[in-house]
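Notes for the one structure printed next.
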Amino acid sequence: MDHEPKKQIHPEFQRYIDQQPYSIILDGLKFTIDKDVFPPDMGKCSQNLARIAQAYPAQTVLDMGCGSGYLALSLKRSGVPEVWASDIHAPAVDCARKNVERNESVGPVHVVQSDLFENIPVTVKFDLVVFNQPFGPGQGDTVCGCGPDGGYRIVRRFLRQAADRMNPDGVVIMAFSDREPAENSPDQVAAEIGYPVRTLLHEYYGEANNYIFEIRPRQREESGRNS
Ligand SMILES: C[S@@+](CC[C@H](N)C(=O)[O-])C[C@H]1O[C@@H](n2cnc3c(N)ncnc32)[C@H](O)[C@@H]1O
Numbered sequence: 259m260d261h262e263p264k265k266q267i268h269p270e271f272q273r274y275i276d277q278q279p280y281s282i283i284l285d286g287l288k289f290t291i292d293k294d295v296f297p298p299d300m301g302k303c304s305q306n307l308a309r310i311a312q313a314y315p316a317q318t319v320l321d322m323g324c325g326s327g328y329l330a331l332s333l334k335r336s337g338v339p340e341v342w343a344s345d346i347h348a349p350a351v352d353c354a355r356k357n358v359e360r361n362e363s364v365g366p367v368h369v370v371q372s373d374l375f376e377n378i379p380v381t382v383k384f385d386l387v388v389f390n391q392p393f394g395p396g397q398g399d400t401v402c403g404c405g406p407d408g409g410y411r412i413v414r415r416f417l418r419q420a421a422d423r424m425n426p427d428g429v430v431i432m433a434f435s436d437r438e439p440a441e442n443s444p445d446q447v448a449a450e451i452g453y454p455v456r457t458l459l460h461e462y463y464g465e466a467n468n469y470i471f472e473i474r475p476r477q478r479e480e481s482g483r484n485s
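Structure (structure tokens):
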């Protein structure tokens, strides 16, 4: 028997989930957000990530944990020649595929169901990977694909895999909110492994500090080599 108290879903998140499925225009792109798919219009995180990611002159980009496909489509529309989108969660993969079809003039985007990099061809090397990861571990059933391995576990597993999947100057961009304990933050996990990190954004909103980090997995420093 599991006696741990279940983590409450944030009331704002619950309001978005209760509306699903719903259709929206986001940055001029058309989306339907299906049931049990992460709402990219909730808060500012996904849109901040899209804006910051577009500033990188990347040729090949991956939207890891793509949910509705919002980041992938916004990067494709900004002119990135090759865009991949992947998610472990079947409803998200389905939803992203349909949203790519809805924005026919923007695509193509390669949409793949995958646990992190597992089903992404090793021959494809990325200049930029954007991952709006689950910020902390959930409890009980997964919600919009976010489950008990969120936070530290998924960030560490992802960052370790990313080093072999990127071009030498490749960059990872990840967000975090200090609603979750600092041990889950990508900057701390990256520093533990020895990857250089830069803070690209720090804003206080939604009663929390919100961050976007740039991490360079191919430029691992000696200090982290044994981690
Ligand atoms: C916070 S949502 C972000 C969705 C979307 N990128 C956005 O910004 O709107 C995190 C996404 O990561 C996906 N995810 C969780 N674990 C994953 C894994 N091991 N591999 C790939 N995707 C995963 C979830 O299914 C979910 O869609």
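Each residue of the sequence shown is one higher than the one before, starting from 259 at the first, in the working numbering.
Think of the CB as a built atom: it goes at the ideal place given N, C-alpha and C, for glycine as much as any other residue.
Keep in mind the model is a prediction, meaning the values are calculated, not measured.
Just to confirm my understanding: we take D436, look at its own chain, exclude 5 residues before and 5 after, and list those with CB closer than 7 angstroms. What are they?
A466 and N467
Does C324 come out as helix, strand or coil in the three-state DSSP assignment?
Assigned with DSSP and collapsed to three states, C324 falls in coil, not helix or strand.
I need the straight-line Cα distance from S363 to V341, nearest angstrom please.
14 angstroms
Which residue or residues does DSSP assign as beta-bridge partners of Q371?
D345
Ignoring anything shorter than 3 residues or poking outside the stretch 400-474, list the beta strand (DSSP E) runs there in chain order.
424-435, 455-463 and 466-473
Among Q266, A420, T400 and G396, which residue has its Cα nearest to the Cα of I378?
Out of Q266, A420, T400 and G396, A420 has the C-alpha closest to the C-alpha of I378.
Consult DSSP for D276 and reduce its assignment to one of helix, strand or coil.
Looking at D276 - three-state DSSP - the assignment turns out to be helix.
Does the beta carbon of F296 fall short of 8 angstroms from some heavy atom of ligand 1?
yes
Based on the DSSP output, what are the partners of L333 in its beta bridges?
Residue pairing for L333: DSSP places it in no beta bridge.
Comparing C-alpha positions only, which one of K302, R273, K293 and I267 sits nearest to N462?
According to the sequence as given, residue 462 is Tyr; it is not Asn. Among K302, R273, K293 and I267, the Cα nearest to that of Y462 belongs to K302.
Less than 9 angstroms between the beta carbons of H243 and G403, yes or no?
Outside the shown range of the chain (259 to 485) lies residue 243, about which nothing can therefore be said.
State the beta-bridge partners of V387 as determined by DSSP.
DSSP lists L320 and V430 as partners of V387.
Tell whether a beta-carbon distance below 9 angstroms holds between I412 and N306.
no
Could you give the distance in angstroms between the alpha-carbon of Y314 and the alpha-carbon of F384?
Cα to Cα, Y314 sits roughly 12 angstroms from F384.
Does any heavy atom of ligand 1 sit closer than 8 angstroms to the C-beta of S304?
yes
Measuring alpha carbon to alpha carbon, tell me which residue in D276, P439 and F389 is nearest A343.
The closest CA to that of A343, considering only D276, P439 and F389, is found on F389.
Buried or exposed for R281, going by 16 or more other Cβ atoms inside 10 Å?
At residue 281 the sequence reads Ser, which differs from the Arg that was named. By the neighbour-count rule (16 or more Cβ atoms within 10 Å), S281 is not buried but exposed.
From what residue to what residue does the beta strand (DSSP E) around I310 run?
Careful: I310 lies outside any beta strand (DSSP E), inside the alpha helix (DSSP H) at C303 to A311.
Enumerate in chain order the residues of its own chain whose CB-to-CB distance from G286 is below 6 angstroms, with the five nearest sequence positions on each side excluded.
Nothing listed; no residue qualifies.
In whole angstroms, give me the CA-to-CA distance for L331 and S372.
18 angstroms
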